Amino acid sequence: MGIKFEVKQFNELTTVELYKILRLRAEVFVVEQDCVYQDIDNKDQKALHVIGSKNDDVVAYTRIFNAGDYFEKASIGRVVVSKDQRQFGYGHDLIKESINAIVKNYQTTDIKISAQTYLKKFYETHGFSQVGEEYLEDGIPHIGMVTS
């Protein structure tokens, strides 16, 4: 069975969906990447949530923002695919769905992300290019990237 994507506003999320999203984010960003940081940052309420589900589990997720709500451009953040699902290429599907959701909801293709440096080539395959120098965010090397 393949992955199914939905885009929802914060107030459209069920408590079960929100729990599964936060659990996935904690599994990857806090536990797997061994990074202690404040994931629940009061920005989820402004975001649209791109949720990839498979067999009733949330296995892929991003949150997207309109220009000015996070960066000066529309943005994609909290990009995550569960470890046991990465071999299926869902990360690529997730980014495509996120870009499409930005185009549909915010009428722009002008996007900025803060990417973990090791994912530079992955994002380049989706039309992003690096801007500026590498920096540390929560102790992890990141780069700014924008669509060209």
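Each residue of the sequence shown is one higher than the one before, counting from 314 in the numbering used here.
The beta carbon of each residue, even a glycine, is placed where N, CA and C say it ideally should be.
Note that the structure is predicted; figures quoted are calculated from it, not measured.
Distance between residue j and residue i (C-alpha atoms, nearest Å)
i    : j    : result
V363 : I412 : 10 Å
E345 : L337 : 10 Å
I408 : Y374 : 9 Å
N368 : I353 : 26 Å
F401 : F342 : 20 Å
Q443 : Q429 : 11 Å
G390 : G315 : 23 Å
L335 : G445 : 30 Å
L331 : K434 : 30 Å
Which of helix, strand or coil DSSP assigns to residue i
i    : result
I389 : strand
I415 : helix
Q398 : helix
F435 : helix
T460 : strand
F323 : helix
I426 : strand
Residue interval of the beta strand (DSSP E) (run including residue i)
i    : result
S280 : With the chain running from 314 to 461 in the structure shown, residue 280 is simply not present.
A373 : 370-378
V363 : 361-367
V341 : Counting along the chain, V341 falls outside any beta strand (DSSP E), and DSSP gives it neither H nor E.
Cutoff 6 Å; reference residue i; Cβ partners in own chain excluding five residues on either side
i    : result
F318 : G365, E410
Q479 : Since the first and last residues shown for the chain are 314 and 461, residue 479 lies out of range.
Contact set for residue i: own chain, Cβ-Cβ below 8 Å, skip 5 residues either direction
i    : result
D357 : F323, R376
K386 : A380, T421, D423, I424, K425, V459
F441 : I424, I426, A428, M458, V459, T460, S461
Beta-carbon proximity list for residue i, same chain, < 7 Å, skipping 5 on both sides
i    : result
G452 : C348
D382 : K359
Element boundaries [alpha helix (DSSP H), containing residue i]
i    : result
L335 : 328-338
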